[in-house]
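Chains as they are written, first to last, in this note's numbering: chain W, 7 to 215; chain A, 7 to 215; chain P, 7 to 215.
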């Protein structure tokens, strides 16, 4: 059991780094499309990666903030911003972009479900826990689009995105409620978001409009 | 006296629901105009209704947030967002919109004056209390317009809006200062906002520009 | 030594008023360009002047907020907003604007370095202190541009701006670390930002893009 937990914890950390990199990358790309300089590229990447979690922590009054405890993420995104400008000139995107979509789906799952879990630990009622999860998952992207002067993609995009986060948060709460281990509930919720998002992309599933 | 207080408290609750519905409706309508899907419609409606109060509570460091204590409002707006999409297709707006303007004026009064009252209870100086009242009243709409990628209507609109909130907050503080009952001060402030707003609409009153 | 400290403290206060006025002025001007009314002009000026510091305080969970402790600044900006509308009609800008650029550089230095200093007092790690300094210096302008529906100037502008803030914050931390007096470290950091910004404007220095 201890081995499983260590495995789970290492896996979560790997997913976390992957999720942060994926979210930051979408910020990098959008900032570059808007012809921003290195300052803008860093800021937009940072806010895309940590904006959702920071907003959640402000709403729940949790401190220290995630990125205050993990300075290394600030340095990572700083390095990404410096490297992105020369790299993005020469890279062909087709491969990178389709990879980003899947890593982003993992990040969405991880951020949403851990956001719900933190809200639950803070004693929030369930509906609020789900909202906090969805906010953690999607508000980085919302803030990215607001800074880039666009209507947020997640409110326009046909292919299910916030809906996957929403469903995954409920799956986590349901698993947690029926007394499965915390690790299993987390894994179930994250997997639900990921699978649902991948299906939505493959089959072009959209909300009715 | 007790009867008056119960009557006042019930009246305030009815006004609160009406104000939330009015503010959320303006969010629903603007989100639909921007062709958002159900996720966007819900989020914009929610932020329009609770954005001002949430910003005030972040600034004053008050917890729990209003909508965390009242899960039922989240569910109400969720239902409104789901129903809005089919309804808004078939509805003729002329009647609904002119109704919304008046209910919105009530919501503006209620949110502004209670915002000022909460700031006063937190020991803020009077100028800050008025600012908190105006923020509570207008920032939901400001955030709605930022998300919808518009310059906030309240900063552009000719017909007095924030000014009504501003005056009403001072009226509340003046009544509260002269030792009238809390209920009377609240009612006076809310009425001031409402009446001033209705007059501004009827006679097309604007700030000099 | 006491005389030096009093002199320093008075100087800092004068710089603070100058910085607030400079930042608020840039808000006034942009709001007027967008044809906002007095409400918009006041709000945008206020957010430009205090948005960065307020965001820093929300992130660090510091209360009371700067402008809550200094009501006189609210009244100052209120007066500026009322006067700006008739004044901005008749004023020729050439002189005023070039003055504002230099006062703004001072404000940027002051806000950045004091922001870093406050974060250091809150026990933040150094990378976070620098980020808090830069946020304090530039986020007022970022929020101004978001409300005015523009991509933030500081992310687009060729001439070094955030970079000056960034370098000055590190200079302050370095001086503070080598045990120079707090006053000297502050002065060194602020001077660094100011001089670097002036050089950037004069010689049109930009980040490589």
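All residues carry an ideal CB built from backbone N, CA and C; glycine is no exception.
The model shown is predicted, which means the values in this text are computed figures rather than measured ones.
Against chain P, a Cβ distance below 7 Å from residue 169 of chain A picks out 45.
Residue environment analysis places residue 83 of chain W among the buried positions, since at least 16 neighbouring C-beta atoms fall within 10 angstroms of its C-beta.
Under the criterion of beta carbons closer than 8 Å, residue 134 of chain A and residue 77 of chain P qualify as touching, at roughly 6 Å.
At least one CB atom of chain W sits nearer than 9 Å to the CB of residue 155 of chain P. With a beta-carbon spacing of about 6 Å, residue 22 of chain P and residue 116 of chain P fall inside the 8 Å limit used to define contacts. With respect to the C-alpha of residue 138 of chain P, the residue from P/63, P/162, P/51 and P/203 having the closest C-alpha is P/63. One thing to note: residue 203 of chain W has its Cβ within 9 Å of the Cβ of residue 170 of chain W. Pairwise C-beta distances place the region 150-169 of chain A in contact with the region 38-57 of chain A, as three or more of them are shorter than 8 Å. One thing to note: residue 40 of chain W has its Cβ within 9 Å of the Cβ of residue 155 of chain W. Residue 77 of chain P sits in a helix when the DSSP states are folded into three classes. In this structure, the alpha-carbon of residue 67 of chain P lies about 23 Å from that of residue 113 of chain P.
Among the residues of chain W, those whose CB is under 7 Å from the CB of residue 69 of chain A are 67, following chain order. For the pair residue 205 of chain W and residue 211 of chain W, the CB atoms are nearer than the 9 Å cut-off. Close CB contacts of residue 125 of chain P within its chain, under the 6 Å cut and outside five residues either way in sequence, are with 135 and 138 (chain order).
Of the candidates A/44, A/91, A/34 and A/143, the residue whose Cα lies closest to the Cα of residue 165 of chain W is A/44. With fewer than 16 neighbouring CB atoms inside 10 Å of its own CB, residue 129 of chain A falls in the exposed class. For residue 164 of chain P, no alpha helix (DSSP H) encloses it, and the DSSP letter there is neither H nor E. Around the beta-carbon of residue 69 of chain P, fewer than 16 other beta-carbon atoms lie within 10 Å, marking it exposed. Taking the beta carbon of residue 82 of chain P as reference, no residue of chain A falls within 7 Å; the closest one sits roughly 11 Å away. Short of 7 Å from the beta carbon of residue 86 of chain W, and not among the five residues preceding or following it, lie these beta carbons of its own chain, in chain order: 30, 34 and 51.
Between residue 57 of chain P and chain W, the shortest Cβ-Cβ separation is not below 9 Å.
Counting along the chain, no alpha helix (DSSP H) covers residue 71 of chain A, and no H or E run does either. Residue range 188-208 is occupied by the alpha helix (DSSP H) that includes residue 194 of chain A.
At least 9 Å separates the beta-carbon of residue 119 of chain P from that of residue 72 of chain P. Taking a contact as a CB-CB distance under 8 Å, the pair residue 161 of chain P and residue 61 of chain P does not count as one, their CB atoms being some 16 Å apart. Chain-ordered, the chain P residues with CB closer than 9 Å to the CB of residue 40 of chain W read 157, 161 and 162. When the five nearest sequence neighbours on each side are left out, the beta carbons in the same chain lying within less than 6 Å of the beta carbon of residue 182 of chain P are those of 191, in order along the chain.
Taken atom to atom, the span from the alpha-carbon of residue 123 of chain P to that of residue 37 of chain W is near 30 Å.
Within the region 109-138 of chain W, complete beta strand (DSSP E) segments of at least 3 residues are not found at all.
Ranked by how close their Cα comes to the Cα of residue 141 of chain W, the residues W/59, W/55, W/109 and W/127 have W/59 in first place. For residue 46 of chain A and residue 109 of chain W, the gap between their C-alpha atoms comes out near 23 Å. For residue 55 of chain A and residue 16 of chain A, the gap between their C-alpha atoms comes out near 20 Å.
With respect to chain P, the C-beta atom of residue 213 of chain A has a partner C-beta closer than 9 Å.
For residue 28 of chain A and residue 104 of chain A, the gap between their C-alpha atoms comes out near 11 Å. One finds 64 in chain P with Cβ atoms closer than 8 Å to the Cβ of residue 64 of chain A, taken in chain order. Distances from the alpha-carbon of residue 199 of chain A to those of A/185, A/186, A/189 and A/143 put A/143 closest.
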